[in-house]
Each structure stands twice: as structure tokens, then as C-alpha cells.
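**Student:** Protein chains in written order, with our numbering: chain A, 1 to 187; chain B, 1 to 121.
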Amino acid sequence: MRELSLHILDLVQNSIEAGATTVILEIMEDTRDDQLVIRISDNGRGMEPAILDQVTDPFVTTRTTRKVGLGLPLIDMSTKRCEGELTIRSVAGEGTVVEARYRHGHWDRPPLGDMVETLKSIIIANPSLDFRYSHSFNDAVFRLETVEITGILGDIPLTHPEVLEWLDGYLRSNYANLYGGVPYENS
Amino acid sequence: MKTVEDLKRMREQLQAQNRLRHSGGTEIIVGMGTCGIAAGARAVMSAVLDEIAKRKLEDVKVCQTGCIGMCEREVLLDVVRPGEPRVTYGRVTPADVAKIIAEHVVNGRIVEELVVGKIVE
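Below, the structure written as C-alpha cells:
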């Protein structure tokens, strides 16, 4: 996958398939330490140690619809290319934390890509998910919690046309602010 | 610059209009497993959301699903109109979305050339 934001979408889908009701996504970009960290924590069913040891093997998957699982192996590969690493902590019955770490300025680091599209997909297609997002770029931070939005909306669905327009505009303006109001590497 | 205050104002306006429909709507489901995402599911999802906003469709529900085992036909997009069979479209591109929504979601005519399966529930 060419963008990290696509891997993020994939990881959040993993959490949802593991039965998570809360997903916390943190993106920490620090150009001073030359670090990019993506962390996804969920309260899904978690994994037993025996499975956890094998998740970056593409020929191991718990799904029954196909015999290969490429999501985590692809991220594992992309971190290793960039002097980073993928770490996964999981407790069966409690949840999983997946953390991908990259050297921010590494030649081979994929761009973060269109996070606005990724966030829209996650938020709108999973209206009952308690999704918490924070993204920092050096000292600037953008935070969003879906309970705040759904709390305001009450019984108005997220797919209402006017809500869709608002969400797109809200995410895009906050993203521009995060990078100091200038288009960043991804646009 | 859109703010949370804008959202609150919008909610009040929408509630004042009091013409929201909450049930009996059409459901659109996009395959978002690793295979779907790699094939471009996010762009298809964005096209669906843009089309809903553009056409001001107020009774469409959008969901995502994981891999269903037809990875080679991704991006898969299902349309379920109330009381009608679930129709699965395959190899959907963002350019196909406007047609599927105009023909099937709005007018109830299945776009046969993109169909890979139908399930009567």
C-alpha cells in the first residue's frame, strides 16, 4: 500500500473485526526527533501468545475466507525499510495495541497520505464505534472523539448530506491547521 | 473553517425542519478488508459519500465489511434496498459509483454489467 493512511484503515478494520467497541488512534509526528509513530489501541478480543508470535507471517491468519493475511506483514515490512519497527501487544479478552514506528525523514517512508478520507471512512461507516483520534505534528495537535459528534447530532445520522459536508470541511480545516495552514507532503 | 459550533447550529436547523427519515432506507456496504483497501475501497467509499452529499440523499445508510473471500473481484460494493435482494457489485471504481447510485439506489434499476452476485435474504 502506498500510503500509511491506508494501512491505518486496515488496522482499524482489524480492530472492528476483533469485536472492538473503542478504538484509539494516535499519530505522533516529530521532525525534531525524526520519529513517526502510529499507535492503534482497541478493546477487542485480543490474541493468545501463540497467535501473537505468528501475526507477521503472511501464511497465518485467523480468517476463514482466505488462507493468507497480508495486513500486518505489509506494515511490518514498511517499518523495517525505514529504520523502524512494528510492535504488537495483546492480551486475550482485553485488547490489542499495534504500534508502527518509522524514521520520519527516511527516504523509503511512505507518505501519510489522505488522512481525511481514512477518517471519514472510519467514522461514517462505523457510527456506533467509540473512535478517539489524536494527531500531533511537533507542538500542534488535532483531537477528535466521535462521541462528541454523535452526542451533538442525537438522532440525526452521520450520513445526512449536510453532516457529510460539515465533517469533510471540519477535518480538512483542522488538518491544514495541524501543518501550520500550509499544504504538507501529502497534498 | 468549520467548527463544532457549526454542527450544533446545523442540528437545530435540521430538527426544526422535522422531515428526517430514520428507517426503511437503502444500505450501501463497501468491502474494506486488506484486499478491498489495496484495490481502492477508500476512494470508492469517498465517492459514495460525495454522491450522497451532492444528491442530498437522506435515507441511505453506509457501512463497511471485511474480506468475504472474493478478493479478486474487489472493490466489492453491495446495495440493499428494503424488501429487495442484496446485490453485490464487483471491481467497482469511483467512476462507477455515480451510476450505481443514480440507477440502483435512487431508481431501483440494477446495473447488470457490474453485478457479481445477488442474495435473497
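Just so you know, even glycine gets a beta-carbon here, dropped at the ideal spot from N, CA and C.
In three-state terms, what does DSSP make of A:H135?
**Tutor:** strand
**Student:** On the criterion of 16 or more Cβ atoms from any shown chain inside 10 Å, does B:A53 qualify as buried, or is it exposed?
**Tutor:** Buried: at least 16 other Cβ atoms inside 10 Å.
**Student:** Compute the Euclidean distance between the alpha carbons of A:S187 and A:G151, then round it to the nearest angstrom.
**Tutor:** The pLDDT assigned to A:S187 is 42, lower than 50, so where the model puts this residue is not dependable; a value taken from the coordinates is nonetheless given after this. Separation of A:S187 and A:G151 (C-alpha to C-alpha, rounded to the nearest whole angstrom) is 31 Å.
**Student:** Interface residues of chain A around B:A137 at Cβ under 7 Å?
**Tutor:** Because residue 137 of chain B is not part of the residues shown, which for chain B are 1 to 121, the question remains open.
**Student:** Taking the Cβ atom as the reference point for each residue, do A:S128 and A:M28 lie within a distance shorter than 7 Å?
**Tutor:** no
**Student:** Any idea what DSSP makes of B:V111, helix, strand or coil?
**Tutor:** Looking at B:V111 - three-state DSSP - the assignment turns out to be coil, as it is neither helix nor strand.
**Student:** List the residues of chain A whose Cβ lies closer than 7 Å to the Cβ of B:R42, in chain order.
**Tutor:** Ordered by position in chain A, the residues that pass the 7 Å Cβ test against B:R42 are L6, L9, E117, T118, S121.
**Student:** Suppose only complete runs of 3+ residues qualify. What are the beta strand (DSSP E) ranges in the segment 59-144 of chain A, listed by chain order?
**Tutor:** 85-91, 95-103, 130-137
**Student:** Tell me the residue span of the beta strand (DSSP E) that contains B:K61.
**Tutor:** 60-65 is the span of the beta strand (DSSP E), which, as asked, contains B:K61.
**Student:** So which residues of chain B does A:T150 contact, with C-beta pairs closer than 9 Å?
**Tutor:** At a C-beta separation below 9 Å, A:T150 has no neighbours in chain B, since its nearest C-beta there lies roughly 11 Å away.
**Student:** Quick one: using the 10 Å Cβ neighbour count with 16 as the cut-off for buried, is A:K120 buried or exposed?
**Tutor:** By the 10 Å Cβ count, A:K120 comes out buried.
**Student:** With contact counted as at least three CB pairs below 8 Å, one residue from each stretch, are the segment 38-53 of chain B and the segment 152-165 of chain A in contact?
**Tutor:** yes
**Student:** Quick check on the DSSP output: the alpha helix (DSSP H) that includes A:M28 runs from which residue to which?
**Tutor:** Unbroken run through A:M28 is the beta strand (DSSP E), 22-30; no alpha helix (DSSP H).
**Student:** Which stretch, first to last residue, makes up the beta strand (DSSP E) that contains B:D96?
**Tutor:** Not the beta strand (DSSP E): B:D96 falls in the alpha helix (DSSP H), residues 94-100.
**Student:** Starting from the beta carbon of A:R63, find every residue of chain B whose beta carbon is closer than 9 Å, and list them in chain order.
**Tutor:** G33, G66, C67, G69
**Student:** Residues in its own chain within less than 6 Å of A:S232 by CB, not counting five upstream and five downstream?
**Tutor:** Lying before the first or after the last residue shown, residue 232 of chain A is absent from chain A, which here runs from 1 to 187.
**Student:** List, in order along the chain, the chain A residues whose C-beta lies closer than 7 Å to that of B:H73?
**Tutor:** Checking the sequence shown, residue 73 of chain B turns out to be Arg, not His. Here the premise fails: no neighbours, minimum Cβ distance about 13 Å.
**Student:** Quick one: measure Cβ to Cβ for A:T56 and A:L70, integer angstroms, because I've assumed they're closer than 8 Å.
**Tutor:** Rounded to whole angstroms, the Cβ separation of A:T56 and A:L70 is 10 Å, and the two are not in contact under 8 Å.
**Student:** Count the other C-beta atoms from every protein chain shown that fall within 10 angstroms of the C-beta of A:V12, then say buried if there are 16 or more, exposed otherwise.
**Tutor:** buried
**Student:** For A:M79, which residues in the same chain have their Cβ closer than 7 Å to its Cβ, ignoring the five residues on either side in sequence?
**Tutor:** Per the sequence shown, the amino acid found at residue 79 of chain A is Thr instead of Met. The beta carbon of A:T79 is closer than 7 Å to those of E85, L86, A100, R101, Y102 in its chain, skipping five residues each way along the sequence.
**Student:** Closer than 7 Å, CB to CB, is A:P58 near chain B or not?
**Tutor:** no
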